[in-house]
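Residue numbers (numbering that gives the first Met the number 0): 0 to 822.
Just so it is clear, CB atoms sit at the ideal spot from N, CA and C, and this is done for glycine as well.
Down below is the structure, laid out as structure tokens.
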Amino acid sequence: MSYRNQPAKKSVKKKRFNRKKVMILMMIAVAFAIVIALSGYVAILFNGQKQLKANENKFVMDQASTIYDVNGNEVAKLEVAEGNRILADYEEFPIHLVDAFVATEDKRYWDHSGVDPWSLGRALVKDIIARSAVEGGSTITQQLAKNMFLNADKTFFRKGTEMSMAMALEERFGKEKIMEMYLNRIFFGNGSWGVKTAAKTYFGITDLKDLELWQMATLAAIPKAPSTYNPLKNPVKSLQRRQVVLQLMYSEGYITKEQMDEAYTVEYDRSKSTKSSSNSDSTYDTFKDYLIQEAYDKYKIEEDKLSRGGYKIYTTMDAKAQQIMAKTYKNDDYFQEDMNGEKMQSSMVIIDNATGGLVALIGGRDYESKMTFNRATNQERSPGSTIKPLLVYGPALESGNYNAFSKLNDTITDFNGYKPRNVGDKYEGEVTLAYAVKKSKNVPAVALLKEIKIKKGKEFASNLGIEFDKTDNNLAIALGGMAHGVSPLQMAQAYSAFPNNGILHEAHSIVKIVDYDDKEVYTYKGKPKQVMKPQTAWDMTQILKTVVQEGGTGTKAAMNRPVAGKTGSTQVSVNGLEKYNKDLWFAGYTAQWTAAVWMGFDKTDKDHYITMSSGGAAALFKAVMQKALAEYKVKDFTRPDGVKDPQETPSVITDLSLTYIPETTRVILKWTPINKQDSYRVFRKEASEPEFTLLQEIGNVTKLEDSTLIPGGKYQYYIIPFDLKTSKEGSPSNTVEVTIPADAGELSPSPSESPSGSPEATPTDDEQTEPSGSLNPDESPTEGEPEATPTPSEGGSTDPSATPESTSSNTSTPTATNDADAD
């Protein structure tokens with residue numbers, strides 16, 4: 000063997016030694032790890048047993064939370080958990096009921112010992128990434144431990160304690176007993192603790208063996224978020240969550256495809272639910288239910304924790320207003336009689352303009368806490384004409400191109416196949432914007448939305464909190480024709496910006512929540528938003544005030560203080576019943592509060608529709624608001640700094656006519672006067688003249704005679720109304736013309752197109768008695784020389800403040816000008 004080969008042998012021997020050493024070290028490490036793991040397991044188990052023993056007779060005791068009104072006075076308490084629980088033994092649970100909870104909450108429940116390593120590993124990874132305990136990963140046993148002994152804080156220490164107690168529970172009790180305790184313990188919303196209580200609450204079932212598969216899946220869907228997934232409050236979300244549960248049950252092999260499909264779309268019937276055992280006084284029930292939902296949505300406090308946590312909940316409620324509202328809703332005089340065994344329903348919301356705080360609300364007639372669908376907040380109905388100030392008139396005023404006196408088209412109009420109709424099929428040709436609102440005219444609203452564009456209208460309304468579906472892109476939304484509609488809460492919140500100088504506060508019911516140690520744990524921090532110009536808000540308020548005044552559609556809302564508002568209604572779509580209503584609305588406000596009222600049937604059909612007066616919602620608004628505000632100072636709406644009242648622009652004359660009197664070689668111009676404060680400027684142009692000149696300015700008369708004519712001349716005339724009070728001109732009238740025979744013989748006029756048609760015959764004696772002006776060669780039309788004025792443009796102008804455009808053409812004959820045609 001050579002010298003060169005010797006080191007190689009030594010190296011092989013060394014490698015063998017290193018491998019052996021590594022193996023020994025690894026075995027030691029594994030053994031050490033096992034010892035550590037076992038020690039940790041024993042420590043965790045010991046800690047769990049210790050915690051369990053320390054708390055064996057000290058389960059978390061329920062302490063009712065207290066609700067305070069806006070003045071700090073106690074008004075109600077939330078139900079204590081133990082007050083509404085029906086216990087059940089494991090043998091009472093149908094197998095599929097247990098399967099539903101296992102598939103949904105803990106699919107390896109029957110295999111683990113209180114802690115699921117797979118779920119724990121997944122949760123641990125997410126916790127490490129988030130650098131906090133954000134992922135649950137809790138087994139059913141862990142959930143039981145948390146509900147019985149711990150708080151809901153998401154910390155690593157709390158999670159470790161939860162795991163140790165879960166393992167201790169598994170050591171002491173069997174799986175069936177743990178499942179029994181779990182299903183008796185968990186919260187199902189609507190004041191129901193325990194699955195047997197929930198079955199009675201939602202389905203009227205007292206024997207769990209009578210539950211159908213879809214009902215079991217519905218119950219298993221609730222604990223994830225009781226305020227969101229219970230079928231009484233949110234039937235749609237409940238159904239969606241139920242379908243998830245059924246899919247999980249099918250995936251785990253608990254049910255067949257046929258069973259899943261059969262239970263997938265069964266419609267929930269809320270009439271099967273039973274009454275809660277809570278206090279029979281329902282005065283504050285809607286408010287309590289809303290603040291429970293708000294606490295979860297905004298602060299993630301679950302209902303069971305809020306109810307039994309001993310909290311002091313300070314709210315925005317005006318207790319007296321809430322009491323008056325509840326009492327008024329028990330008075331059948333404000334509602335039509337029951338129709339085919341069903342009550343007419345209604346809901347109402349009052350909001351404080353300055354803060355957005357909910358003053359009072361009610362979700363329906365005979366509303367029962369936790370048991371009734373909240374029509375004030377969760378129901379979406381077509382708003383009818385109450386949407387017009389939010390979607391049409393508000394954004395129009397905001398643009399600066401319109402004001403209360405702007406002229407709008409009010410004639411039967413075909414908008415590319417859409418033909419809106421006014422109530423009673425009454426049309427007035429042309430109306431002001433303010434008048435269209437006061438009379439709740441439909442055609443002007445649709446025409447104006449077309450002008451300002453649907454997109455702009457929706458942007459304005461969306462800033463006020465109104466939600467639109469992606470299909471809401473047609474002109475019908477101007478009249479409330481939306482895919483889903485709005486709730487009274489949304490409507491009240493939106494209108495509250497008008498009396499608040501265009502500032503919107505989010506509607507809310509909670510001011511702060513204080514725990515049993517008097518520590519503030521949650522405080523409302525509002526972010527008011529300027530959603531429109533103060534000028535727009537002021538102008539809209541002045542217009543909406545006319546709605547409740549004589550001649551408006553909302554006169555039944557008039558009360559002993561300044562009030563503004565808008566009515567709304569929708570028609571029944573059943574053949575033969577179109578004259579009846581499906582929904583009645585009134586949204587209105589005083590200087591302090593804004594309220595929205597809805598009335599109707601939950602389901603409108605041939606047997607259930609509104610027969611009472613369309614002013615019913617306005618009357619209910621007044622009945623509540625006038626009494627609720629009785630102790631508040633009567634205040635008018637505050638005028639924002641810098642706003643100006645809109646100036647009325649004189650209307651356009653559309654019926655100027657001309658009659659030639661050959662015997663005296665003169666013409667008589669006639670028209671219909673507009674406003675008493677208007678005077679008129681008459682303009683004339685002879686064919687040889689380059690432009691129209693002012694012929695004469697006269698007072699509020701009906702006709703003018705012109706005898707300053709030359710035989711053989713061709714003359715054109717138009718007039719412009721002039722408001723002496725505001726010094727504003729209207730738009731030019733239609734143009735008329737006449738040709739004077741060279742021999743001053745027969746008339747040969749050729750009038751331009753105008754609503755009046757051909758020149759009128761010689762006026763009668765009666766006509767001669769009307770106020771008139773005259774012009775003859777011996778009279779001067781105005782002081783000084785006649786002022787040259789441009790010719791009115793072809794087709795007229797839609798801007799009331801616009802002046803005629805000039806033209807040097809002698810052959811161009813201006814046509815009749817009519818703002819209504821432009822709309």
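Taking its Cβ as the centre, do 16 or more other Cβ atoms sit within 10 Å of residue i, making it buried, or is it exposed?
{"i": "Asn330", "result": "exposed"}
{"i": "Glu778", "result": "For Glu778, the predicted structure reports a pLDDT of 40, less than 50, and the residue's modelled location is therefore unreliable. The matter cannot be settled from this model."}
{"i": "Met22", "result": "exposed"}
{"i": "Tyr679", "result": "buried"}
{"i": "Trp192", "result": "buried"}
{"i": "Ser163", "result": "buried"}
{"i": "Met531", "result": "buried"}
{"i": "Gln695", "result": "buried"}
{"i": "His833", "result": "This structure does not reach residue 833, given that the chain is present from 0 up to 822, and the question cannot be answered."}
{"i": "Lys824", "result": "As displayed, the chain neither begins before 0 nor continues past 822, which places residue 824 out of reach and without an answer."}
{"i": "Phe636", "result": "buried"}
Would you kindly work out how many angstroms separate the C-alpha atoms of residue i and residue j, rounded to a whole number?
{"i": "Phe691", "j": "Leu708", "result": "15 Å"}
{"i": "Ser137", "j": "Ser112", "result": "12 Å"}
{"i": "Glu429", "j": "Thr217", "result": "57 Å"}
{"i": "Val235", "j": "Gly480", "result": "22 Å"}
{"i": "Ala617", "j": "Phe585", "result": "5 Å"}
{"i": "Met178", "j": "Val97", "result": "8 Å"}
{"i": "Val520", "j": "Leu305", "result": "12 Å"}
{"i": "Gly393", "j": "Thr314", "result": "31 Å"}
{"i": "Met343", "j": "Thr603", "result": "10 Å"}
{"i": "Phe186", "j": "Pro225", "result": "7 Å"}
{"i": "Val666", "j": "Asn699", "result": "19 Å"}
{"i": "Tyr434", "j": "Gln646", "result": "15 Å"}
{"i": "Asn352", "j": "Gly587", "result": "11 Å"}
{"i": "Glu397", "j": "Thr535", "result": "5 Å"}
{"i": "Lys634", "j": "Leu407", "result": "33 Å"}
{"i": "Ile361", "j": "Asn373", "result": "8 Å"}
{"i": "Gly567", "j": "Thr385", "result": "5 Å"}
{"i": "Leu628", "j": "Ala475", "result": "36 Å"}
{"i": "Thr255", "j": "Pro93", "result": "17 Å"}
{"i": "Asp110", "j": "Ala219", "result": "20 Å"}
{"i": "Tyr401", "j": "Pro388", "result": "13 Å"}
{"i": "Asp601", "j": "Thr569", "result": "14 Å"}
{"i": "Lys19", "j": "Asn146", "result": "52 Å"}
{"i": "Ser281", "j": "Ile312", "result": "18 Å"}
Under 8 Å by Cβ, that's how I've got residue i and residue j pegged, so tell me the actual separation to the nearest angstrom.
{"i": "Leu655", "j": "Tyr717", "result": "7 Å"}
{"i": "Gly599", "j": "Arg380", "result": "7 Å"}
{"i": "Ala395", "j": "Ile465", "result": "Contact flag wrong, Cβ pair sits at about 16 Å."}
{"i": "Tyr861", "j": "Asp514", "result": "A question about residue 861 goes unanswered here, because the residues of the chain that appear run from 0 up to 822."}
{"i": "Arg364", "j": "Tyr328", "result": "6 Å"}
{"i": "Ala325", "j": "Asp68", "result": "About 14 Å; that fails the 8 Å criterion."}
{"i": "Tyr823", "j": "Ala557", "result": "As shown, the chain starts at 0 and ends at 822. That puts residue 823 outside it, with no answer to give."}
{"i": "Leu478", "j": "Leu503", "result": "In fact, because the Cβ distance is near 24 Å, the residues do not count as touching under 8 Å."}
Measuring alpha carbon to alpha carbon, tell me which residue in the options is nearest residue i.
{"i": "Ser272", "options": "Ala197, Ser572, Leu247", "result": "Ala197"}
{"i": "Leu245", "options": "Glu728, His95, Gly188", "result": "His95"}
{"i": "Arg107", "options": "Gln141, Tyr89, Ala75, Thr376", "result": "Gln141"}
{"i": "Thr664", "options": "Lys455, Leu207, Gly729, Ser706", "result": "Ser706"}
{"i": "Tyr249", "options": "Glu336, Phe100, Ser439", "result": "Phe100"}
{"i": "Leu583", "options": "Ala590, Ser612, Met558", "result": "Ser612"}
{"i": "Asn674", "options": "Gly729, Arg638, Leu668", "result": "Gly729"}
{"i": "Val391", "options": "Thr255, Gly190, Glu458", "result": "Glu458"}
{"i": "Ile739", "options": "Asp409, Ala102, Ala496, Pro661", "result": "Pro661"}
{"i": "Phe497", "options": "Pro533, Asn473, Thr354", "result": "Pro533"}
{"i": "Asn415", "options": "Asp424, Ser461, Asn473", "result": "Asn473"}
{"i": "Trp537", "options": "Gly615, Lys455, Ala403", "result": "Ala403"}
{"i": "Gly252", "options": "Gln625, Ala102, Tyr333", "result": "Ala102"}
Touching by the beta-carbon criterion (3+ pairs, under 8 Å), the segment 507 to 523 and the segment 279 to 291: Counting Cβ pairs under 8 Å, three or more are found: they touch.
Touching by the beta-carbon criterion (3+ pairs, under 8 Å), the segment 377 to 391 and the segment 484 to 491: Taking a contact to require three or more Cβ pairs closer than 8 Å, the segment 377 to 391 and the segment 484 to 491 qualify as touching.
Three or more C-beta pairs below 8 Å linking the segment 561 to 576 and the segment 538 to 546: Cβ pair count under 8 Å is three or more, so yes.
Contact the segment 212 to 226 vs the segment 164 to 174: 3+ CB pairs below 8 Å: The segment 212 to 226 is not in contact with the segment 164 to 174.
Stretch-stretch touch, CB-based, cutoff 8 Å, three pairs: the segment 592 to 610 with the segment 490 to 500: Short answer: they touch.
The segment 290 to 306 touching the segment 252 to 260, judged by at least three CB pairs closer than 8 Å: Verdict: no, contact absent.
The segment 436 to 455 touching the segment 405 to 424, judged by at least three CB pairs closer than 8 Å: Touching, yes, given that three or more Cβ pairs across the two stretches are closer than 8 Å.
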